[in-house]
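In what follows, a structure is listed as structure tokens, so that the remarks can point back to it.
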Amino acid sequence: MKFIADLHIHSRFSRATSRNLDLENLYISAQCKGIQVLGTGDATHPGWFDEIQSRLVEAEAGFYRLDPNQASICDRWVPESCRGEVRFVLTAEISNIYKKDGRTRKNHNLVFLPDLETAQRFNRRLEKIGNIHSDGRPILGLDARDLLDIVLNLDARAFLVPAHIWTPWFSMLGSRSGFDSLEQCFGDLAPHVFAAETGLSSDPEMNRRVSGLDRLVLISNSDAHSTAKLGREANCFDTDFSYEGIREALAHPENGGFCGTLEFYPEEGKYHLDGHRQCAVRLTPAETRKLEGICPVCHRPLTLGVLHRVESLADRCQGQPRPGLPFSKLVPLTDILAEVLQCGAVSKRVTEAYRRCLESLGSELSILQEISPDRISSLDIPLLDEAIRRVRQGRLVIDGGFDGQFGTLHFFTPAERRRLLGQQSLFVLPGSPAPVSGRGGPVRSEPIQTSWRDPSPAAPSAANSAGSLMTDAQKAAVEAMKGPVMVVAGPGTGKTFTLTRRIVRLLETGQASAGQILAVTFTQKAADQMQRRIADLMGKGRDLPLIGTLHGCCYRLLQQIDGDRPMTVLDEDHRLELIRDAMTLAAQDDLSAPFSVPQMLGWIEAVKQRIQEPSSGGPPAHDVPARRFYLRVFEIYRNLMAVQGFLDFDDLVACMVVRLEADAELAASLKRRFVHVLVDEYQDLNHAQYRLVRALTEPGSHLFIIGDPDQCIYGFRGSDWRYFDRFSDDYPGASVIRLQHSYRSPQSILDAAGQVVAGCRDGRRRLPLKATAPGRRLNLIRTESEKAEAVAIGRIIEQMVGGSGFEAYDFGKVDSAGRGQERSFADFAILYRTHRQGGMIAEVLEAAGIPCRLASRRRIWDTPHVAGLVCWLRLCMGQGSFFDLERAIAWIAAETSGSDLKRFKKWCHARGYGLAEGMRQAARLPVQGLNAARQHRMIALFADLERIGDEIRDRPLEARIDALLEKTRLGEAFDASPAEAGLAALAEWIDACRDETDLLLHLSLSADADLYDPRGERVALMTLHAAKGLEFPVVFIAGCEDGLIPLIGAEDLDEERRLFYVGLTRAGERLFLLTAARRMCYGRCENRTMSPFIADIDPGLLEIESVAGRPLPLRRQTQMSLF
DNA sequence: GGACTGATAGTTTTT
DNA sequence: CTATCAGTCC
3 MKFIADLHIH SRFSRATSRN LDLENLYISA QCKGIQVLGT GDATHPGWFD EIQSRLVEAE
63 AGFYRLDPNQ ASICDRWVPE SCRGEVRFVL TAEISNIYKK DGRTRKNHNL VFLPDLETAQ
123 RFNRRLEKIG NIHSDGRPIL GLDARDLLDI VLNLDARAFL VPAHIWTPWF SMLGSRSGFD
183 SLEQCFGDLA PHVFAAETGL SSDPEMNRRV SGLDRLVLIS NSDAHSTAKL GREANCFDTD
243 FSYEGIREAL AHPENGGFCG TLEFYPEEGK YHLDGHRQCA VRLTPAETRK LEGICPVCHR
303 PLTLGVLHRV ESLADRCQGQ PRPGLPFSKL VPLTDILAEV LQCGAVSKRV TEAYRRCLES
363 LGSELSILQE ISPDRISSLD IPLLDEAIRR VRQGRLVIDG GFDGQFGTLH FFTPAERRRL
423 LGQQSLFVLP GSPAPVSGRG GPVRSEPIQT SWRDPSPAAP SAANSAGSLM TDAQKAAVEA
483 MKGPVMVVAG PGTGKTFTLT RRIVRLLETG QASAGQILAV TFTQKAADQM QRRIADLMGK
543 GRDLPLIGTL HGCCYRLLQQ IDGDRPMTVL DEDHRLELIR DAMTLAAQDD LSAPFSVPQM
603 LGWIEAVKQR IQEPSSGGPP AHDVPARRFY LRVFEIYRNL MAVQGFLDFD DLVACMVVRL
663 EADAELAASL KRRFVHVLVD EYQDLNHAQY RLVRALTEPG SHLFIIGDPD QCIYGFRGSD
723 WRYFDRFSDD YPGASVIRLQ HSYRSPQSIL DAAGQVVAGC RDGRRRLPLK ATAPGRRLNL
783 IRTESEKAEA VAIGRIIEQM VGGSGFEAYD FGKVDSAGRG QERSFADFAI LYRTHRQGGM
843 IAEVLEAAGI PCRLASRRRI WDTPHVAGLV CWLRLCMGQG SFFDLERAIA WIAAETSGSD
903 LKRFKKWCHA RGYGLAEGMR QAARLPVQGL NAARQHRMIA LFADLERIGD EIRDRPLEAR
963 IDALLEKTRL GEAFDASPAE AGLAALAEWI DACRDETDLL LHLSLSADAD LYDPRGERVA
1023 LMTLHAAKGL EFPVVFIAGC EDGLIPLIGA EDLDEERRLF YVGLTRAGER LFLLTAARRM
1083 CYGRCENRTM SPFIADIDPG LLEIESVAGR PLPLRRQTQM SLF
């Protein structure tokens, strides 16, 4: 069957689209236009998808029609001459913005989906990658190749077509955004792409000059943002009337199902020629080349159009024969009428004439293509017949479009018009305009003054320290092998680099075997990173040294020392639960709790971190009842832990220290074993950890420490930078090496940071850091409110990424000539003091379509079903707690209630049973507080648990998890809710772990894992603390106000200063400091003043800007930019 | 024991 | 503003 399809349109849920773009209007307009098949567009948008689901019904396979009742109502609005069937296919456009091979890429891709179910799966998949709610054309920081991968894995029938492949800003081959070939863009998956969309500004003829595209079918669509633009380009098919028909026709053009396209005259497209709209300069590619791409008015790079781009990639000359299907070029009927009637395309006269045409002649496409001039002239619209004839013959003149401005049409010269109107001739006159070649010469008007802020974008960051060049100091640090070495490594001086190189050198020169090296870091992330880097440098299959966090290493060593004694390390939730139990038990002895559970946890931690007795910590001495209660709780807590064989984090280190200090033999053997000990971030050691390092080394040991006292920001949990400064006393004769060359930040940022940290009252002497580049001033932006602050950040990001949608350019909002270096979302970080601040910023940015990664304290296994699974695992391995049991039974049909379990727990606590012992005893002894029936049900429950445990015990870990999912309701939960990400992270750990003990250790010791798909590029939002060790080209520090930095109530102002210092030095190129004049604080609106730390920065280093409190934000009214 | 009310305090966070 | 906890009532 023959049909015409427009497969790329948008709904009203996309930015800058007409409000009336709903399915009904599309249905009506498609008929008026003469289109039989429309892409739905925006199928990724939940709102639009809901509409699709509720209003459309499947007609042919993968073809959907408007609900018949609705359709008959709509038909009344369609002239009878135009009526016909309309089908929808599920399509969506994705805006991919990402970095590849060092350049920011921005391309748009059309996705075709065979049915609603697949679309739903697609949306669920994308939801994890980015925000699909805020825009019908979602912006994802996702590599186009990875998008294609997702599409291919979705369903064999789904496919992807790169959209309007030539436009400069957002396309596969775009001059400012793209690649030079399909293969570069899609890599290994390129063979799966079989079609490309040419876009308005190019036609098949131009495309065929590039032989790399020969293999592709070229399709054309309207990309309509309003119903009026529907079908300005379209595709002709003669194939099965179904989704599969379309796919087949495109994938196998040799079978003839695809018959070519209806094209817009490319010259009329917005990006045909080169130029600057703001400067009113339009140029042909040849002229642009003569000017070397520079605008003669503003002397900035010109926006290169599609023709230019085609010519630069073309390997066939113009006019050379080339393959391809027939196509015809059209001009929208309203444009023709506007020209004929000499008035605007949206004027009333044109609208009326248009309506009249449709009513008498039929659909627009039939008028443009088929209806004979005789019939057209019968309408009595002067010149219309002649104009349409000329369009069909290609006899019109178009001033080519450029830099976002449509080209303009000319059918008749004034003289000609007079003549034609005079004689109403039906035959072609000699001397009418030649076929299009474009009156594209440079058009110049008065230079327009444009303002731009960013005349000299900062140079890209200097040579990275990962290169093979080392500074002398780095070299010294890597090569000083004997005795204790202390390295003071300021921010960006290549700390990790130095550390890894040193380990590799130790191994390579044979000075130490892998087993003789112990390297400790502070975070799991740092340990993983170091392990990876060393593995990369050493090559595969080599033994690697023990590299881990202090806690992880202690665990391993304790395990080795004690053989297989089971050790379960409790995570924070468990500890709190246990303390709660302990406090409840203590309260029974007639005492009420004068403090909170977290407070108690803090005291316990503090005491353990100092390796002291409980009596040396806790509530102040004068509060006698509180102290009594505290001591009692502490004791009970210890007992509860001991009974079940639990350890907490601090116990790991403390136990190790106690063992080493008490057992000289053991200490000596470990000292013999670990000849080289390396400690990263030494300034963050707390007392117990310091004692541990001391106990593992002698004063003359080959102990290598590296760190930066100015970056000690964990004082609140016991870290003390003084251990760092004391190193030379503890280890006399230690070599001291200072790394002072920063590869990360420019001088301006280092200077400002240095001025801030110099304000510390610690009396330390500091040496200045040197940068490679001078850098530009720091921007200090003062805003009215926290919302305005977020909006200001968003605007800057939007501008630096170069606008995330066409709109930004098409409406002239962003100065396309004066933009700075292109960035992608992953280049930005927004830092703040408290988590609370992150929420608002993320909300504003997400709403504007900027993808964010909000670092949260919640971890992946905090989602109920992942947490449930972990509880089950622990229980089945005999390492469960009462807490695990309570949570686990929620996932089976248990007849035992939570309160029964509480009574059971109380009974166990009273008798000193752990869970396992308690479960055994409950089978034979009466449990106090439970009647016989309840106890029987509980015993039955325990038997069930036992049985499940027995059944799965001998299976490998993965099979065990599968079985658990099957035997409990966990499986349903994982199926129902989109927490596959959680399961995936778990699976990753399972892969990485040797055995279940390892896994459980990981689960309680390991840091948060991201819920986000790492393939999606996002702006990072995190606290200043979390930013430590990271770097970003562009850094925003939000809330630079008194009360936030330094935080109100902070005891150690120096630490707040260091924290700010850490934040400042994360920036590789640009640093923005933001303040709000007013901020909501605990529900109250507070006036704010600037952080005193900013006053310590030389004003000459700051560029201060105030953002006025204009009303926020006019989202849909202006549609100018994302804000 | 569970549902309600009112008072109160409220960083930062890795393991 | 909101989570938490203690106290109150049924």
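Just so you know, we're using this note's numbering here: the first sequence kicks off at 3 and counts up by one. Even glycine gets a Cβ: it sits at the ideal position worked out from N, Cα and C.
Host alpha helix (DSSP H) of residue i (start-end)
i, result
"Cys910", "Gly900 to Arg913"
"Met540", "Gln526 to Met540"
"Asn125", "Leu118 to Glu129"
"Lys789", "Glu788 to Val803"
"His689", "His689 to Leu698"
"Arg889", "Phe884 to Ala890"
"Phe188", "Leu184 to Phe188"
"His47", "His47 -> no alpha helix (DSSP H), and no H or E assigned at all."
"Ser966", "In the sequence under discussion, the amino acid at residue 966 is Leu, which differs from the Ser named in the question. Start and end: Leu959 to Lys969."
"Ile1096", "Pro1094 to Ala1097"
"Ser83", "That residue, Ser83, is in no alpha helix (DSSP H); it is neither H nor E in DSSP."
Per DSSP, cross-strand counterpart(s) of residue i
i, result
"Arg105", "Lys102"
"Leu220", "Ala198"
"His867", "Bridge partners of His867: none, in fact."
"Arg830", "Looking at the sequence provided, one finds Phe at residue 830 rather than Arg. DSSP output for Phe830 lists Val1036 as bridge partner(s)."
"Ser97", "His110 and Ile141"
"Cys1083", "Arg1086"
"Lys4", "Asp240"
"Pro164", "Asn111"
"Lys772", "His743"
"Phe855", "Per the sequence shown, residue 855 should be read as Arg rather than Phe. Answer by DSSP bridge pairing, in chain order: Ala1022."
Endpoints, the beta strand (DSSP E) within which residue i is located
i, result
"Tyr66", "Tyr66 to Leu68"
"Asp564", "Counting along the chain, Asp564 falls outside any beta strand (DSSP E), though it belongs to the alpha helix (DSSP H) covering Leu552 to Asp564."
"Ser737", "Ser737 to Leu741"
"Glu1088", "Arg1086 to Asn1089"
"Asp952", "Segment Ala934 to Arg955 is the alpha helix (DSSP H) holding Asp952; no beta strand (DSSP E) there."
"Val506", "That residue, Val506, is in no beta strand (DSSP E); its alpha helix (DSSP H) goes Lys497 to Glu510."
"Glu1105", "Leu1104 to Ser1108"
"Leu154", "No beta strand (DSSP E) holds Leu154; the alpha helix (DSSP H) holding it covers Ala146 to Leu156."
"Ile715", "Unbroken run through Ile715: none, as it is neither H nor E."
Test item: CB-CB of residue i and residue j under 8 angstroms
i, j, result
"Gly492", "Gln122", "no"
"Leu1128", "Ile963", "With the chain covering 3 to 1125 only, the question about residue 1128 has no answer from this structure."
"Leu782", "Glu1105", "yes"
"Ile422", "Leu385", "The amino acid at residue 422 is misidentified as Ile; the sequence shows Leu. A contact, by the Cβ cut-off of 8 angstroms."
"Ala236", "Ile6", "yes"
"Thr1025", "His837", "yes"
"Asn111", "Gly851", "no"
"Ile843", "Leu1023", "yes"
Distance cut-off 7 angstroms: residue i Cβ against heavy atoms of the ligand FAD
i, result
"Ser365", "As far as ligands go, the structure on display features none, and thus does not contain the ligand FAD."
Q: Specify whether the segment 332-339 and the segment 389-396 touch according to this definition: at least 3 beta carbon pairs, one from each stretch, less than 8 angstroms apart.
A: yes
Q | alpha helix (DSSP H) runs contained entirely in the segment 238-312, provided each spans 4 or more residues | A | 245-253 and 287-292
(Q) Below 8 angstroms, how does it come out for the segment 1065-1081 and the segment 778-793: are there three or more Cβ pairs, yes or no? (A) yes
(Q) Below 8 angstroms, how does it come out for the segment 761-775 and the segment 499-511: are there three or more Cβ pairs, yes or no? (A) no
Q) So does the segment 22-37 actually touch the segment 66-80, counting three or more Cβ pairs closer than 8 angstroms? A) Yes: the two stretches touch, three or more of their Cβ pairs being nearer than 8 angstroms.
Q) Mind pulling the alpha helix (DSSP H) runs of 4 or more residues that sit fully within the segment 337-424? A) 350-363, 366-371, 375-379 and 386-395
Q: Only counting runs of 4 or more residues, tell me where the alpha helix (DSSP H) segments fall wholly within the segment 641-682, in order along the chain.
A: Listed in chain order, the complete alpha helix (DSSP H) runs (minimum 4 residues) inside the segment 641-682 are 651-664 and 666-675.
Q) Would you call the segment 87-98 and the segment 38-52 in contact, with 3 or more CB pairs under 8 angstroms? A) Between the segment 87-98 and the segment 38-52, the count of C-beta pairs closer than 8 angstroms reaches three or more; the two stretches touch.
(Q) Check whether the segment 625-642 and the segment 568-576 touch, using three or more Cβ-Cβ pairs below 8 angstroms as the test. (A) no
Q. Below 8 angstroms, can you find three or more Cβ-Cβ pairs linking the segment 60-71 to the segment 261-272?
A. At 8 angstroms Cβ cutoff, the stretches do not touch.
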